[in-house]
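Enquirer: According to our numbering, the sequence shown is numbered sequentially starting from 541.
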Amino acid sequence: MGKVYALVNQKGGVGKTTSAVNLAALLAASGKRTLLLDFDPLGNATSGCGVSQARGCAEILAGRGVLSEAACATVVTGLDVVPPGKDLATWMHDHPDLALSRAEQLIDEARSKYDLVFVDAAPGATAFHIALAARADRILVPCPPEPFPEQSLQALAEIVRRSSANTMWVAFRTLVNGTAPPEGSPQIGSLAIHWIGPPVPRDPWVPEAQRQGKPLYLVAPSARATHAYVAIAKEVTKHEGTATG
541 MGKVYALVNQ KGGVGKTTSA VNLAALLAAS GKRTLLLDFD PLGNATSGCG VSQARGCAEI
601 LAGRGVLSEA ACATVVTGLD VVPPGKDLAT WMHDHPDLAL SRAEQLIDEA RSKYDLVFVD
661 AAPGATAFHI ALAARADRIL VPCPPEPFPE QSLQALAEIV RRSSANTMWV AFRTLVNGTA
721 PPEGSPQIGS LAIHWIGPPV PRDPWVPEAQ RQGKPLYLVA PSARATHAYV AIAKEVTKHE
781 GTATG
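1) Kindly give me the distance between the Cβ atoms of residue 672 and residue 548, rounded to whole angstroms, as I take these residues to be in contact under 8 Å.
2) Pull up the distance between the alpha-carbon of residue 714 and that of residue 569, whole angstroms please.
3) What's the gap between the Cα of residue 773 and the Cα of residue 634?
4) Between the alpha carbons of residue 676 and residue 688, how many angstroms are there, rounded?
5) Please report the residue range of the beta strand (DSSP E) in which residue 518 lies.
6) Could you check what DSSP says for residue 675 in three-state terms: helix, strand or coil?
7) Return the chain-ordered list of same chain residues with a C-beta closer than 6 Å to the C-beta of residue 722, the five sequence neighbours on each side being excluded.
8) Residue 682 bridges to which residues according to DSSP?
9) So residue 577 and residue 657 are supposed to be a Cβ contact under 8 Å. How far apart are they, rounded?
10) Where does the unbroken beta strand (DSSP E) through residue 543 begin, and where does it stop?
11) If you draw a straight line from the alpha carbon of residue 618 to that of residue 631, how long is it in whole angstroms?
12) What residues in its chain sit with their C-beta under 8 Å from that of residue 661, if we drop five residues either side in the sequence?
13) With distances taken from CA atoms, which of 637, 646, 606, 593 is nearest residue 626?
14) Below 8 Å CB to CB, which residues in the same chain sit around residue 757 once its five sequence neighbours on both sides are set aside?
15) Assign residue 741 to one of two classes, buried (16 or more other C-beta atoms within 10 Å of its C-beta) or exposed (fewer than that).
16) How about residue 591 and residue 614: do their beta carbons lie closer than 8 Å?
17) Quick check on DSSP: helix, strand or coil for residue 734?
18) Grab the span of the alpha helix (DSSP H) containing residue 771 for me, first residue to last.
19) Near residue 602, what residues of its chain come up, given a Cβ to Cβ distance below 7 Å and the 5 sequence neighbours on each side ignored?
20) Counting only the same chain and skipping the five closest in sequence on each side, list residues whose C-beta sits under 8 Å from that of residue 749.
21) Using the Cα positions of residue 646 and residue 694, report the straight-line distance between them to the nearest angstrom.
22) Less than 8 Å between the beta carbons of residue 648 and residue 572, yes or no?
23) Can you check which of these residues, 681, 600, 604, is closest to residue 552 by C-alpha distance?
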């Protein structure tokens, strides 16, 4: 069975989708059959992989599509992405219970077919985010070295941990200016956080890669942010046996 990594954060603009795209791409390039589920209605993870909007999560949750047809090949061999589909936010708002149930089924099916599954959702701490966390082996949290993102991380953790107490939380610094900040606190609130990797710096190559619809390593393999994501990708999959969903 594959491993599931959910990228979550209450706050937007912290590098969550950028991290989802680049970590999934790097691990796919290393030989892991990888799927990126784009549950963010904006579809930025989808476009960041060079895939146009198409039928996807919305249609699967509505019972009008299946994973095998919705999964789209990307510019990275071994990496598929499921786009958000049409009117995902509206459908989830109108059918919250059914959306949760079918999203859980979709994640479980993806786990059975891929080595690694990355789940990217819109910022927030809703029942949907809690359900994602409960299905994940690890919760990955990009966190800039600023007070508000850390406060958001603590608030999210307090909500989610009630239903996924055994899930490993892994955080890494993003959007860092200048020199590296001090290491993150191993404890935020009542939650033990595993801080990994070097900080991901602000890098002009990141928006350029997004414009090209490619992961960063394909556009700028020597960029500082690329090197940071390479190191983080290696750490993400370490000691997989210690993570439980």
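Built from N, CA and C at the ideal position, the CB exists for glycine as well.
Small disclaimer: the values here were computed from a predicted structure and weren't measured.
Expert: According to the data block:
1) In this structure residue 672 touches residue 548 by the C-beta definition: roughly 7 Å separates them, less than 8 Å.
2) 22 Å
3) 36 Å
4) 25 Å
5) Missing from the structure shown is residue 518; the chain here goes from 541 to 785 and no further.
6) helix
7) Confidence is the limiting factor: at residue 722 the pLDDT is only 49, short of 50, which leaves the residue's position unreliable, though a coordinate-based value still follows. If we look at residue 722 and ignore the five residues flanking it on each side, it has no Cβ neighbours.
8) 712
9) At roughly 7 Å, the Cβ-Cβ gap stays under 8 Å, so residue 577 and residue 657 are in contact.
10) The continuous beta strand (DSSP E) containing residue 543 extends over residues 543 to 547.
11) 30 Å
12) 546, 547, 548, 579, 580, 668, 669, 672
13) 593
14) 562, 565, 566, 569, 766, 769, 770
15) buried
16) yes
17) Correct three-state label for residue 734: strand.
18) 764 to 776
19) Correct list, in chain order: 631.
20) Its chain contains 588, 755, 756, 758, 759, 760 as the residues whose beta carbon lies nearer than 8 Å to that of residue 749, once the 5 sequence neighbours on both sides are disregarded; these appear in chain order.
21) Distance between the alpha carbons of residue 646 and residue 694: 28 Å.
22) Pairing residue 648 with residue 572 gives a Cβ-Cβ distance that is not under 8 Å.
23) 681
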